[in-house]
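Here the structure is laid out as structure tokens; the discussion comes afterwards.
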Amino acid sequence: MPSQRSAVIVGASLSGLMTALTLSRIGIRVTLLERSDDTGRTGAALHVPDGLVERITGLSSAEVPQPITSGIQTWFAVHGALRKAIEADANITLRQNTAVRTVDQDLNQAWAITTSGERIRADVIIGADGHRSVVRRKVAPEKPDATFAGYLIWIGIADEPDLGARRWPRDVAFLGDDNNTLLGYPLPGLDGSTAAGHRRLGWAWYDASRNALLRSAGAVDGSVVRHSLMPAGIPNATYQELALQARGLFPSPWSDAILDSIGRRAVIGTPIAEYVPDELVRGRFALVGDAAHVPTPMTGSGFSESLQDAEALAVAISGADDIVVGLREYEATRLRSARSLVQSGQGFSRSFAARAA
Ligand SMILES: Cc1cc2nc3c(=O)[nH]c(=O)nc-3n(C[C@H](O)[C@H](O)[C@H](O)COP(=O)(O)OP(=O)(O)OC[C@H]3O[C@@H](n4cnc5c(N)ncnc54)[C@H](O)[C@@H]3O)c2cc1C
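Residues in the sequence shown are numbered consecutively from 847, following the working numbering.
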């Protein structure tokens, strides 16, 4: 009987978790390596399709450890449901606080080398390590970095009961002027309530006027995005400017939600990066999710494209006797769609960044 095939996945955020589940479903033994311990995680809102966890795992609704309702959900809700499914899967080992320094391969195997010097071997290594992927450095050494798109997004979430507004939105809202675009989205309350006045309001404010701040904070270095501005790293003067602008630019309850988040210092500024891939695979390495393609969030499709990567990878590998041939099939299936996704957002990015330049 042939030995069980194995994969190391670098990164256990949404793409890494989904890919672990689709690979496990076709009988691959998966080791997930994640540098964080899940504290200090950030995330915006995502559109979740019907029966997400059932679809990835093949389990029935009754068997899924923590189902998730379809529609707009927070990153944390999606992450929580996927984590529960991972914990229930004996084929998957999740190792947190394990940062990968680099990856390498020969004709017979691939391996990840952690920052503590440990080598973890497998038949394939999947990079699900986001927009600054270390695996991408080996898949596309000629083009390893995502590029700063010229603007950031401020994101926050407020509880409707704390806002005292008179009217509540029914649906997602796009607001603002040429230089400031706001995407507002009602989210279920922490108790799951979807009744107006009892939910949460998420907001994402596109702002191209903060590039000097991003550079002085080291969040953007040259054309490379290094990190987000976390709440404590945002200067008080910037919070005050944002509060003043929000009052003038956006109607209630969105302005109330922003002011509430500012008052609690619960705002994150994420510089936006973009990456159009030329390759998704090299030998025993493959990329999924934001490691593979980084679109502006304006496309609203980063998550659904990551789900398609996870599914396509499992289909391609399961149909191939030689796992390396399976990876090439994965690239053939996904590359064109991944490139179009990112390119579809670049028109917006260029004109938005140029307006404020
Ligand atoms: C501000 C913002 C708003 C967004 N809004 C939307 C939206 O509205 N709709 C939508 O569909 N998508 C949206 N997205 C995109 C979406 O969140 C991602 O496409 C999706 O979550 C997939 O991310 P990922 O798991 O591939 O990468 P990431 O979430 O970046 O995860 C990468 C993981 O790899 C880990 N890692 C990195 N390097 C290493 C290493 N060397 N060793 C070990 N671990 C490592 C990280 O700690 C992290 O856990 C948004 C993104 C941002 C930034």
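Glycine included, C-beta positions come from ideal geometry on N, C-alpha and C.
Cβ-based burial, Gly862 [other Cβ within 10 Å; buried from 16]: Here the question's residue 862 lines up with position 16 in the sequence shown. Answer is buried; the Cβ neighbour count reaches 16.
Looking at the secondary structure, which residues open and close the alpha helix (DSSP H) in which Arg1110 lies? Counting from 1 along the sequence shown, the entry for residue 1110 is found at position 264. Per DSSP, Arg1110 belongs to no alpha helix (DSSP H) and is neither H nor E.
When you compare only the Cα positions, how much space is there between Arg1196 and Ile1118? As a first step, residue 1196 is located in the sequence shown; it is residue number 350 there, counting from the start. As a first step, residue 1118 is located in the sequence shown; it is residue number 272 there, counting from the start. Whole-angstrom Cα-Cα distance: 12 Å.
Kindly give me the distance between the Cβ atoms of Pro1077 and Ile1114, rounded to whole angstroms, as I take these residues to be in contact under 8 Å. For the purposes of this step, residue 1077 is taken as the residue at position 231 of the sequence shown. For the purposes of this step, residue 1114 is taken as the residue at position 268 of the sequence shown. The pair is a contact, with the Cβ atoms about 7 Å apart (cut-off 8 Å).
Can you check which of these residues, Asp969, Asp991, Ile971, is closest to Ser979 by C-alpha distance? Numbered from 1 along the sequence shown, position 133 holds the residue referred to as residue 979. Considering only alpha carbons, the answer is Asp991.
Please list the terminal residues of the continuous alpha helix (DSSP H) segment that includes Asp1155. Position 309 of the sequence shown holds residue 1155. Residues 1148-1164.
From this set, His1044, Ile971, Gly904, Ala1065, which residue's C-alpha is nearest Tyr997's C-alpha? To locate residue 997, count along the sequence shown from 1; it is residue 151. When only C-alpha atoms are compared, the closest one is Ala1065.
Mind reading off the beta-carbon distance from Val1134 to Ile972? Whole number of angstroms is fine, and I expect it under 8 Å. The residue given as residue 1134 occupies position 288 in the sequence shown. The residue given as residue 972 occupies position 126 in the sequence shown. That belief holds up - the Cβ atoms of Val1134 and Ile972 are roughly 6 Å apart, short of 8 Å.
Through-space distance from Leu892 to Ala1199, alpha-carbon basis: Residue numbering aside, residue 1199 sits at position 353 when the sequence shown is read from its first letter. Residue numbering aside, residue 892 sits at position 46 when the sequence shown is read from its first letter. In a straight line, the C-alpha of Ala1199 is about 24 Å away from that of Leu892.
Tell me whether Ser907 sits in a helix, a strand or coil according to DSSP, three-state version. Translated into positions along the sequence shown, residue 907 becomes position 61. Of the three classes helix, strand and coil, the one that applies to Ser907 here is coil, per DSSP.
Classification of Asn1026 by the beta-carbon crowding that lies within 10 angstroms, buried from 16 upward: Within the sequence shown, residue 1026 is the residue found at index 180, counting from 1. Classification for Asn1026: buried.
Buried or exposed by the 16-neighbour rule on C-beta atoms within 10 Å, applied to Glu933: Indexing the sequence shown from 1 puts residue 933 at position 87. Glu933 is exposed by the Cβ-count criterion.
If I measure Cβ to Cβ from Ser1147 and keep anything under 7 Å in the same chain, skipping five residues before and after, which residues do I get? What you label residue 1147 is simply residue 301 of the sequence shown in a count that begins at 1. Cβ neighbours of Ser1147 beyond the five flanking positions: Pro1141, Leu1187.
For a test of your reading of the model: does the CB of Thr856 fall under 7 Å from any non-hydrogen atom of ligand 1? Yes or no. To locate residue 856, count along the sequence shown from 1; it is residue 10. The amino acid occupying residue 856 in the given sequence is Val; Thr does not appear at that position. Yes, Cβ of Val856 sits closer than 7 Å to a heavy atom of ligand 1.
Answer yes or no: do Phe1096 and Leu1033 have a C-beta to C-beta separation smaller than 8 Å? Within the sequence shown, numbered from 1, the residue matching residue 1096 stands at position 250. Within the sequence shown, numbered from 1, the residue matching residue 1033 stands at position 187. Taking 8 Å as the Cβ cut-off, Phe1096 and Leu1033 do not qualify as a contacting pair.
Is Asp975 near ligand 1 - that is, is its Cβ less than 7 Å away from at least one heavy atom of it? Position 129 of the sequence shown, counted from the first residue, corresponds to residue 975. Yes, the Cβ of Asp975 comes within 7 Å of a heavy atom of ligand 1.
With distances taken Cα to Cα, identify the nearest neighbour of Arg1016 among Ile918, Thr939, Gly1193. Taking the sequence shown and counting its residues from 1, one reaches residue 1016 at position 170. Among Ile918, Thr939, Gly1193, the Cα nearest to that of Arg1016 is on Ile918.
Beta-carbon separation of Ala927 and Gln912 under 8 Å? As a first step, residue 927 is located in the sequence shown; it is residue number 81 there, counting from the start. As a first step, residue 912 is located in the sequence shown; it is residue number 66 there, counting from the start. Against a cut-off of 8 Å, the Cβ pair of Gln912 and Ala927 comes out as a contact.
Among Tyr1121, Arg1201, Val856, Ala931, which has the Cα closest to the Cα of Ser906? Mapped onto the sequence shown, residue 906 falls at position 60. Taking only the C-alpha atoms, the option nearest Ser906 is Ala931.
Under 8 Å, do Thr993 and Glu1120 count as touching if we go by C-beta distance? Position 147 of the sequence shown, counted from the start, is the residue given in the question as residue 993. Position 274 of the sequence shown, counted from the start, is the residue given in the question as residue 1120. A contact, by the Cβ cut-off of 8 Å.
Three-state class that DSSP yields for Glu1101 in the structure shown: Numbered from its first residue, the sequence shown carries residue 1101 at position 255. Correcting the residue type first, residue 1101 is Ser in the shown sequence and not Glu. Helix at Ser1101.
Expressed to the nearest angstrom, what Euclidean distance is found between the alpha-carbon atoms of Pro1007 and Ile1108? As a position in the sequence shown, residue 1007 is number 161, starting the count at 1. As a position in the sequence shown, residue 1108 is number 262, starting the count at 1. In a straight line, the C-alpha of Pro1007 is about 16 Å away from that of Ile1108.
Please state whether DSSP places Arg871 in a helix, a strand or coil. Your numbering for residue 871 matches position 25 in the sequence shown. Arg871 falls in the helix class under three-state DSSP.
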